[in-house]
Amino acid sequence: AQKVTQAQTEISVVEKEDVTLDCVYETRDTTYYLFWYKQPPSGELVFLIRRNSFDEQNEISGRYSWNFQKSTSSFNFTITASQVVDSAVYFCALRDGGYNKLIFGAGTRLAVHP
Amino acid sequence: DGGITQSPKYLFRKEGQNVTLSCEQNLNHDAMYWYRQDPGQGLRLIYYSQIVNDFQKGDIAEGYSVSREKKESFPLTVTSAQKNPTAFYLCASRQGTNSPLHFGNGTRLTVT
């Protein structure tokens, strides 16, 4: 069965701190895709990144970076020098190669205080 | 601008009434999805449709119904059989098997 675990329910940091959001997944497939989405207070989920199981390169986009490690089935997300605008709920999601749906984790609520 | 429109943003109903949530997209996407979001549980899939006039049940389809008569529209009906309908409902679409989902702003349904 596929499963995504985001063990951190809520994280609170002060602006300019670095913060890492953890994501651990379970799947039996060798081909799969991992995603991160951001949900600001407005409610809409905003796509941040997609990574396929054959590409273990870490990725950096501005203050955001992602660390994909197949050996530990993790796809962690780090925000460097956090800002108040980063306050949101962040979801990690998994899509197996043979399925047409995303399995979401429970989400991590990040609060960045000035 | 292309996007997904969900209406209304807030919806209130009395227990025992059916209610339909609207979802319209102008992205020309083939696939559309309905998710339900409850506090601390992430998103759970209710129904999805890959093409017009076809749809499949997701993980929590009981008490819900959908139709896909037009490519751009995928309305969700919450029936009186749904035992705990109060939740935040999100509609999404995508084009291509491995493309990311695009989400609407959601509808918050409260049933009393």
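Protein chains in written order, with this note's numbering: chain L, 13 to 126; chain A, 4 to 115. Here a beta-carbon is modelled for each residue, glycine too, at the ideal position from N, C-alpha and C. These numbers come from a predicted model, not from an experiment.
(message) Could you tell me the alpha carbon to alpha carbon distance between A/V22 and A/V81, rounded to whole angstroms?
(response) Rounded to the nearest angstrom, the gap between the Cα atoms of A/V22 and A/V81 is 5 Å.
(message) Looking at A/G45: is its Cβ nearer than 8 Å to the Cβ of L/A100?
(response) Not a contact, by the Cβ cut-off of 8 Å.
(request) Compare the C-beta of A/Q44 with all C-beta atoms of chain L and state if any pair is closer than 8 Å. (result) Yes, A/Q44 lies at the interface with chain L (some Cβ there is under 8 Å from its Cβ).
(request) Show which residues of chain L have a CB atom less than 9 Å away from the CB atom of A/L104. (result) F47, Y49, L57, F59, A105, L114, listed in chain order.
(request) Leaving aside the five residues before and after L/R80 along the sequence, list all residues of the same chain whose C-beta is less than 6 Å from its C-beta, in chain order. (result) Going by the sequence as given, residue 80 of chain L is Phe instead of Arg. Cβ within range, chain order: R63, E68, F87.
(message) Quick check for students: name the residue ranges of the beta strand (DSSP E) that lie wholly in the segment 23-54 of chain A, counting only runs of 3 or more.
(response) Fully enclosed beta strand (DSSP E) runs of 3 or longer: 34-40, 46-54.
(message) For the segment 82-99 of chain A against the segment 25-34 of chain A, do three or more pairs of beta-carbon atoms, one drawn from each stretch, fall closer than 8 Å, so that the two count as touching?
(response) Enough Cβ pairs lie closer than 8 Å, so yes.
(message) Strictly by DSSP, which residues pair up with L/V31?
(response) According to DSSP, L/V31 bridges with L/I91.
(request) Following the continuous beta strand (DSSP E) through L/V96, name the residue where it begins and the one where it ends. (result) Element bounds for L/V96: n/a, residue is neither H nor E.
(request) Kindly identify the DSSP beta-bridge partner or partners of L/N64. (result) Paired residue(s): L/Y45.
(message) Run through chain A and tell me which residues come within less than 8 Å of L/S54, C-beta to C-beta.
(response) Chain-ordered, the chain A residues with CB closer than 8 Å to the CB of L/S54 read N108.
(request) Establish whether the CB of L/A19 and some CB of chain A are separated by less than 8 Å. (result) For L/A19, the answer is no, since every Cβ of chain A falls outside 8 Å of its Cβ.
(message) Threshold first: 3 residues or longer. Then list the beta strand (DSSP E) segments lying entirely within the segment 58-100 of chain A, N to C.
(response) 67-69, 79-81, 90-97, all fully within the segment 58-100 of chain A.
(message) Considering just the uninterrupted stretch of the beta strand (DSSP E) at A/S10, what are its terminal residues?
(response) For A/S10, the uninterrupted beta strand (DSSP E) segment begins and ends at 7-10.
(request) Give the residues of chain A in contact with L/R62, contact being defined as C-beta atoms less than 9 Å apart. (result) Chain-ordered, the chain A residues with CB closer than 9 Å to the CB of L/R62 read N101, S102, P103.
(request) Mind the definition here: the segment 68-82 of chain A touches the segment 12-29 of chain A only if three or more C-beta pairs lie below 8 Å; say whether that holds. (result) Contact annotation: the segment 68-82 of chain A touches the segment 12-29 of chain A, with at least three C-beta pairs closer than 8 Å.
(request) Have a look at L/D37 and L/K50 and give me their C-alpha separation to the nearest angstrom. (result) With the sequence shown as reference, residue 37 of chain L is identified as Tyr, and Asp is not the correct amino acid for it. Each residue's alpha carbon lies about 18 Å from the other.
(message) Beta carbons nearer than 7 Å to chain L: which residues of the segment 34-58 of chain A have them?
(response) Closer than 7 Å at the C-beta level to chain L, one finds these residues of the segment 34-58 of chain A: G43, Q44, G45, L46, L48, Y51, Q53.
(message) According to DSSP, L/A123 sits in a beta bridge with which residue or residues?
(response) For L/A123, which the question treats as bridged, DSSP gives the partners L/S24.
(request) In the DSSP assignment, find the unbroken beta strand (DSSP E) run with A/L104 in it and report its ends. (result) That residue, A/L104, is in no beta strand (DSSP E); it is neither H nor E in DSSP.
(request) For L/K82, collect the residues of the same chain with a Cβ closer than 8 Å to its Cβ; drop the 5 residues on either side in sequence, then sort them by chain order. (result) The residues are S65, E68.
(request) Could you tell me whether any Cβ in chain A is nearer than 8 Å to the Cβ of L/G74? (result) Chain A has no Cβ within less than 8 Å of the Cβ of L/G74.
(request) For L/T17, name the three-state secondary structure that DSSP assigns. (result) In this structure, DSSP gives L/T17 an extended state, which the three-state scheme calls strand.
(request) Please report the residue range of the beta strand (DSSP E) in which L/Q81 lies. (result) According to the DSSP assignment, L/Q81 belongs to the beta strand (DSSP E) that extends over 76-81.
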